[in-house]
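Some notes on the structure that comes next.
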Amino acid sequence: MHRTMRRIELAKAKLMIVDDEADLLAELKPLLKRSGYDVATSSDGQEALELIKQTSPDLIILDVLLPHLDGREIVRQLRKASDWTPVILLTKVGAPAERAMSLQEGADDYLNKPFDPFELVARIHAILRRTLHSELPISSFRRLTSADLLIDRQTRQAWRGGDLLALTARAFGVLEFLMLHPGEIVTRDRLLDEVWGWTYAVESRAVDIRIAELRKLLQDDAADPHVIETVIGLGYRFIGEVKASD
Amino acid sequence: MIKRNLCFIVATLPFVIGVVLSVLLSSNILPNYVFVGNYDVDLAWILSRICFGISLLAVAGLVVSMRIRQPVIQNLDQLADRSSRDQRKFLQRLDHELKNPITILRLSVVNLQHSPNLTEVQKASLARIEQQTERLQKLMIDLRWLSEVEECDIERTLVDPCDVLQQAIEDRSPVWRDRDIKLRIQEMPGGISHVMGDRDLLVAAMRNLVDNALKFTERHGQIELRATDDGHLVTLEVADTGIGIPDTEMPYIFDELYRGFQAKQVPGSGLGLTLVKRIITLHEGTLQVRSRAGHGTVVTIQLPLVPRL
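Protein chains in written order, with the numbering used here: chain A, 309 to 554; chain B, 9 to 317.
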């Protein structure tokens, strides 16, 4: 199935939630309906895949451990059929390598259980806003560029004006994540979870140190940023325009 | 290894004594032949054979015991590894079983809070449920990290231990100033060598120890952070004049979720020291705690240093 580009009216967007926990579906549905979405549910992987083909939801929230067909296989089958409906994987994804694999397989985002319900709503909103203008998720591309900045997500290298930047692995991880979510406010906790892989031990100051490292190398003035903006009290935002290519 | 070599030396000592005695007796420096009853006994021969026999038995006994001990030690190591793996699997299973119930609880509370006409009592109860659910969630995340920490990617770069100590106390100044606690960092003159490690994790470990010291040190107390090196190891210490840890609790302080009797009066998860120990082990370092109830505690971390050029 090929997904044509169309403008999604955020307020009437159709969501499909797939989870084998009936109580979770029973509580999540009213929350998302109150947020203005039209919500369908399924508790079986095979059934969900059929329903997705029939109803063409605007976004799918998908647990991984499902009866008959697991969530990651559903994503693989959708992408193989060139269906780029945005998918949020609702589960624990452990090591950074596993996270990277989930994104490469075509998931747009993932959220560890247990999650903050309002965080889920915020992610849905952010993804739907992003997919207004694009068909393929940005996460499926190898190279991201913004002005004279280029990052290669496979080799984990970054260049500015053709010069290779000496970034630490975590600084690259922060830059990559911000570029994958352009225009979106990303909290420090989220960066800790996504890049470091933990929020327990390390405090958000570690994120600030990496942002400072990036700003120095990108010659981006915090007071007058053109790449990474500090959103006081909330986090950081990549404000450059991001283009993706293979 | 040293102990084993010493045992072998002690075992061969009778042999050496036997040889020396034989030489002394044979060269008549010591009386050689003695009369026992009507018999003229060759003392050198007897004593040397006795000593050789003792030595032979001692060495044979050592070899046999080493052969027996080796598989026992290997078994113990394997048991320890298996125990650690079993523990990680248990934590992963617990995580798996708890994640959905806690997610559903959070969603239910949010939905209930949107119900019309809630009484003040109901709102207060919901607020408490929300708070306790978040507490459960935090505990679950902490346990999850415990089970993953040994497999997580750590970034190995050159780290300045003094910088680690400075970072550890950052943002904590309101706490110690408010309680009039004297907190200072004592560094070796001339600076100390760097270590190879994950700066963020090392800061997290030291911060955890500083937080513990602040929690258990009363008003007007003292906390000192020290950094030294002896050319082989970097030593970082956090010393406080706090309530200390009773001897009866010391064997358990690194156990997950263990909280001493007095520690239960203070908020915490009981995972802090366990996590610190795991972090230090990941850095091939050691952690030691010395404490006296009513007087204070000293936590000592030692890490291999990177030699200065």
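Ideal placement from N, C-alpha and C gives every residue a C-beta, glycine not left out.
Among the options, nearest to residue i - alpha-carbon criterion
i                 : options                                : result
Trp153 of chain B : B:Thr20, B:Ile309, B:Gln95             : B:Gln95
Ala221 of chain B : B:Thr165, B:His240, B:His303           : B:His303
Leu14 of chain B  : B:Leu70, B:Leu65, B:Ile58, B:Leu29     : B:Leu70
Thr308 of chain B : B:Ile251, B:Leu279, B:Ala213           : B:Ala213
Glu163 of chain B : B:Arg207, B:Thr225, B:Leu99            : B:Arg207
Asn36 of chain B  : B:Gln296, B:Val72, B:Leu51, B:Pro22    : B:Leu51
His376 of chain A : A:Ile368, A:Ala474, A:Arg461, A:Asp352 : A:Asp352
Leu473 of chain A : A:Leu525, A:Asn420, A:Glu355           : A:Leu525
Asp424 of chain A : B:Ser116, B:Asn125, B:Glu128           : B:Ser116
Leu500 of chain A : A:Ile536, A:Ile459, A:Ala479           : A:Ala479
Val494 of chain A : A:Leu374, A:Ile396, A:Arg431           : A:Arg431
Arg545 of chain A : A:Leu339, A:Val503, A:Ala531, A:Pro490 : A:Pro490
Asp497 of chain A : A:Leu483, A:Leu488, A:Val515, A:Ile446 : A:Val515
Gly469 of chain A : A:Leu458, A:Thr476, A:Leu340, A:Ala477 : A:Leu458
Ser454 of chain A : A:Ile547, A:Lys341, A:Asp328           : A:Ile547
The alpha helix (DSSP H) enclosing residue i, as first and last residue numbers
i                 : result
Arg387 of chain A : 379-388
Arg545 of chain A : From DSSP, Arg545 of chain A is part of no alpha helix (DSSP H) but of the beta strand (DSSP E) over 543-546.
Ile162 of chain B : Where Ile162 of chain B is concerned, there is no enclosing alpha helix (DSSP H), given that its DSSP letter is neither H nor E.
Leu419 of chain A : Run containing Leu419 of chain A: none in the alpha helix (DSSP H); it sits in the beta strand (DSSP E), 417-419.
Phe426 of chain A : 425-438
Ala358 of chain A : First, the residue type needs correcting, since residue 358 of chain A is Glu and not Ala in the sequence shown. Taken as a continuous stretch (DSSP letters only), the alpha helix (DSSP H) holding Glu358 of chain A covers 353-363.
Check: residue i C-beta below 7 Å from any heavy atom of the ligand PLP
i                 : result
Glu427 of chain A : In terms of ligand content, the structure shown is empty, and the ligand PLP therefore cannot be addressed.
Under the three-state DSSP convention, the category residue i falls into
i                 : result
Phe16 of chain B  : helix
Pro315 of chain B : coil
Val326 of chain A : strand
Gln310 of chain B : strand
Gln527 of chain A : coil
Ser447 of chain A : helix
Ala66 of chain B  : helix
Trp322 of chain B : Coverage of chain B is limited to positions 9 through 317, which leaves residue 322 of chain B absent and any answer about it impossible.
Val372 of chain A : coil
Arg461 of chain A : coil
Val395 of chain A : strand
Thr312 of chain A : With a pLDDT of 36 at Thr312 of chain A, under the threshold of 50, the modelled position of this residue cannot be trusted, and the question is left open.
Ser454 of chain A : strand
Asp168 of chain B : coil
Asp471 of chain A : strand
Leu115 of chain B : helix
Val482 of chain A : helix
Val503 of chain A : helix
Thr141 of chain B : helix
Leu336 of chain A : helix
Beta-carbon proximity of residue i to residue j, cut-off 8 Å
i                 : j                 : result
Ala235 of chain B : Met204 of chain B : no
Ala176 of chain B : Val218 of chain B : yes
Gln209 of chain B : Leu151 of chain B : Here residue 209 of chain B is Leu; the residue named in the question, Gln, does not match the sequence. Cβ distance not < 8 Å, so Leu209 of chain B and Leu151 of chain B don't count as in contact.
Gly414 of chain A : Val372 of chain A : no
Tyr345 of chain A : Leu323 of chain A : yes
Asp168 of chain B : His202 of chain B : yes
Pro422 of chain A : Lys107 of chain B : yes
Leu332 of chain A : Ile76 of chain B  : no
Asp554 of chain A : Phe449 of chain A : yes
Arg187 of chain B : Arg227 of chain B : yes
Ile519 of chain A : Val482 of chain A : yes
Pro394 of chain A : Leu367 of chain A : yes
Leu166 of chain B : Val18 of chain B  : no
Start-to-end residues for the beta strand (DSSP E) that takes in residue i
i                 : result
Val539 of chain A : 536-539
Leu279 of chain B : From DSSP, Leu279 of chain B is part of no beta strand (DSSP E); its letter is neither H nor E.
Lys551 of chain A : 551-553
Asp346 of chain A : 346-350
Arg300 of chain B : 294-300
Any chain C beta carbon closer than 8 Å to residue i
i                 : result
Thr476 of chain A : Among the protein chains in the structure shown, which are A and B, there is no chain C.
In chain order, each alpha helix (DSSP H) run of at least 4 residues that lies wholly inside the segment 186-272 of chain B
207-224
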